[in-house]
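Worksheet: the structure to be examined is printed underneath.
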Amino acid sequence: MEQESLAFSSHSGASTSTATVDLEQEDLAAMENDSSPELGGDDDGVQRAAELLPMPPRQSSRYKGVVPQPNGRWGAQIYERHARVWLGTFADEEAAARAYDVAALRFRGREAVTNRAVAEGASTGELAFLVAHSKAEIVDMLRKHTYDDELQQGLRRGARAQPTPPWARELLFEKAVTPSDVGKLNRLVVPKQQAEKHFPFPLRRSTDEATGKGVLLNFEDGDGKVWRFRYSYWNSSQSYVLTKGWSRFVREKGLRPGDTVAFSRSVCGTDKHLLIDCKKMHRNMPEPGAIAAARVVKLFGVDIAGEKRPPQR
DNA sequence: ATTTGTGTTGAG
DNA sequence: TCAACACAAATG
C-alpha cells in the first residue's frame with residue numbers, strides 16, 4: 001500500500017507511450033528513454049482553424065510551479081530529473097502554489113525555493129512529516145487535496161495517541177550510563193553542557209537546590225509510557241541529576257552500565273514534551289540475574305522467579 | 001461535456 | 001529547469 005505509481009512524461013520522448021514509473025522512497029526511477037526524434041514529414045499543416053478563435057489569453061501565474069488550465073483553474077507541477085511531476089489541479093492560484101511549495105520542500109529540502117516567504121513556510125513538524133513520507137505519497141496527497149488533513153492528523157498523533165512517531169522527534173543528546181547511574185544511588189548524572197542546553201529551566205544553582213526540590217519533568221518512552229523524574233542540581237557535586245523516579249526506570253528497562261539513554265524532544269507544533277529511550281548495548285544478553293532465575297525455574301518446575309523477574313523492555 | 005494532465009517545444 | 005501551448009486521455 002506504500003507504493004503509488006505516477007505517470008511521467010518522457011522528456012526526450014520519441015516513443016509515443018506514456019511511461020509509468022514507481023516513485024520509491026527517495027528516488028525517481030531514471031528513464032533513459034532515448035531514441036532518434038521522429039523525423040520525416042509526419043503531418044501536413046492542418047492547424048489553422050483554431051487561430052481564428054481568440055481564446056482569452058491564459059495569463060501565466062505569478063507563482064512558481066503553477067500553470068494555468070484551459071478551464072480557468074490552476075495546475076501545479078514540479079520537475080525532477082528532466083521529468084515533470086504533476087501535482088494536480090486547483091481552483092485557485094494560491095492553492096496550487098501551496099502544493100508546489102510542499103512538493104519542493106519534499107523534493108529539494110529545506111532550502112528549496114518556494115512561493116512563500118523564505119522565513120516560515122514550514123514548521124519543524126511539517127518538515128519532519130514530509131521526510132517521513134515518500135515523494136510518491138506526498139504527491140498523491142497533493143493531487144487528492146488531502147495533504148492538509150494528513151499533515152494535521154500526523155501531527156496530532158504525537159500529542160494524542162501515545163507513541164510519538166520517530167519522525168516527530170528531535171534528538172537532543174545521548175549518554176552512556178555509568179555504573180553509578182544504574183546503581184543504588186537512584187540518580188542519573190546529566191552532562192552539564194547538555195542539561196544547560198536542552199533541559200527546561202536554567203535550574204538555579206542556589207535557589208532551586210537550596211529548597212532541595214528542583215523540578216519534575218515528564219518523559220515519554222518508546223512505548224508511549226510517561227515517566228516523571230525529579231530534575232535538580234546538586235551543589236555538592238556541581239552536577240545536574242535526575243533523581244526521584246529514576247531507579248524505577250532503570251529497573252523496568254533493565255538498564256546496565258554501558259547502555260545508552262537518549263533524550264529527545266517532540267517536534268509537534270504544540271507541546272514539545274521530552275522523550276527518553278534506552279538502547280541496550282547487547283540486545284539478547286539476559287540480565288545477570290535472569291540466568292539464575294531461569295535455572296531455578298527449570299530445576300524445580302516452579303515459577304518462583306515469576307514475581308521477581310522485572311518486565312523486559 | 002468537461003477536466004485533467006501528458007506530449008512537446010523553446011527559452012533561460 | 002521551467003512554463004507555454006495544444007490536445008489526447010480520463011472522468012462524470
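The first sequence: position 136 = 136 (UniProt numbering), numbered continuously. The beta-carbon is built from N, C-alpha and C at its ideal position, and this holds for glycine as well.
{"query": "Option in L151, W234, S61 with minimal Cα separation from R73", "result": "S61"}
{"query": "Residue range of the beta strand (DSSP E) that includes R228", "result": "226-234"}
{"query": "Outcome for L216 when other beta-carbon atoms lying within 10 angstroms are tallied against a minimum of 16", "result": "exposed"}
{"query": "Alpha carbon of R187 to alpha carbon of K197, nearest angstrom", "result": "20 angstroms"}
{"query": "Residue(s) in a DSSP beta bridge with V261", "result": "K175, C278"}
{"query": "Exposure of S17, with buried meaning 16 or more beta-carbon neighbours within 10 Å", "result": "Legend: pLDDT at S17 = 33, less than 50; position of this residue unreliable, no value from coordinates given."}
{"query": "Contact under 8 angstroms by Cβ, L151 with E126", "result": "yes"}
{"query": "Buried or exposed (CB count within 10 angstroms, at least 16 for buried), Y79", "result": "exposed"}
{"query": "Coil, strand or helix - F249 by DSSP", "result": "helix"}
{"query": "R116 (DSSP reduced to helix, strand or coil)", "result": "coil"}
{"query": "Per DSSP, cross-strand counterpart(s) of V215", "result": "Y231"}
{"query": "T146 (DSSP reduced to helix, strand or coil)", "result": "coil"}
{"query": "Nearest-angstrom Cα separation, counted from R143 out to S85", "result": "First, the amino acid is wrong: residue 85 is Val here, not Ser. Between V85 and R143, the C-alpha separation is close to 11 angstroms."}
{"query": "Simplified DSSP state of G65, which is helix, strand or coil", "result": "coil"}
{"query": "Inter-residue Cα distance where the pair is T164 and K135", "result": "22 angstroms"}
{"query": "Three-state secondary structure assigned by DSSP to D83", "result": "The amino acid at residue 83 is misidentified as Asp; the sequence shows Ala. Looking at A83 - three-state DSSP - the assignment turns out to be strand."}
{"query": "C-beta contact flag for L275 and F201 at 8 angstroms", "result": "no"}
{"query": "Buried or exposed (CB count within 10 angstroms, at least 16 for buried), H133", "result": "buried"}
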